[in-house]
Amino acid sequence: MASGLGANVPRQVFSADEVRQLLEQGAQLVDVLGREEYAHNHLPGAINIPIKELTEATATRLDRQRPVIVYCNDFG
Numbered sequence: 001m002a003s004g005l006g007a008n009v010p011r012q013v014f015s016a017d018e019v020r021q022l023l024e025q026g027a028q029l030v031d032v033l034g035r036e037e038y039a040h041n042h043l044p045g046a047i048n049i050p051i052k053e054l055t056e057a058t059a060t061r062l063d064r065q066r067p068v069i070v071y072c073n074d075f076g
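Just so you know, the sequence shown maps onto residues 1 to 76 in my numbering.
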C-alpha cells in the first residue's frame, strides 16, 4: 500500500471529457513527471510538481478548496 502525501486519497481514472469538465469547474491539473519531460510536453494549464518533489511544502502551491487532477502520462 502507498504511503506519504495523498496515500489516503481515493484514486480514479477519468476520460478526456470528464477531465475537461472538471477543469471547467475549477479543478487544478498537476503533471508529476520530471521537469525535462514537462518542458518537452504537457497538457495546457498543467503545473509541474515532479513526483520526487511532491511534499506537503510543494503541495502548498495548490488551492486546498479546489479538486486536483494528477497525471503522469508520457505523451511522446
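For each residue, glycine too, the CB sits at the ideal point set by N, CA and C.
DSSP-derived helix/strand/coil call for residue i
i: residue 13; result: coil
i: residue 33; result: coil
i: residue 49; result: coil
i: residue 28; result: strand
Beta-carbon proximity check, residue i vs residue j, cutoff 8 Å
i: residue 33; j: residue 50; result: yes
i: residue 69; j: residue 30; result: yes
i: residue 25; j: residue 62; result: no
i: residue 48; j: residue 40; result: no
Residues that residue i bridges to, as DSSP identifies them
i: residue 65; result: Answer is none; residue 65 lacks a bridge partner.
i: residue 38; result: Per DSSP, none; premise fails for residue 38.
i: residue 19; result: In the DSSP output, where bridge partners are listed per residue, residue 19 has none listed.
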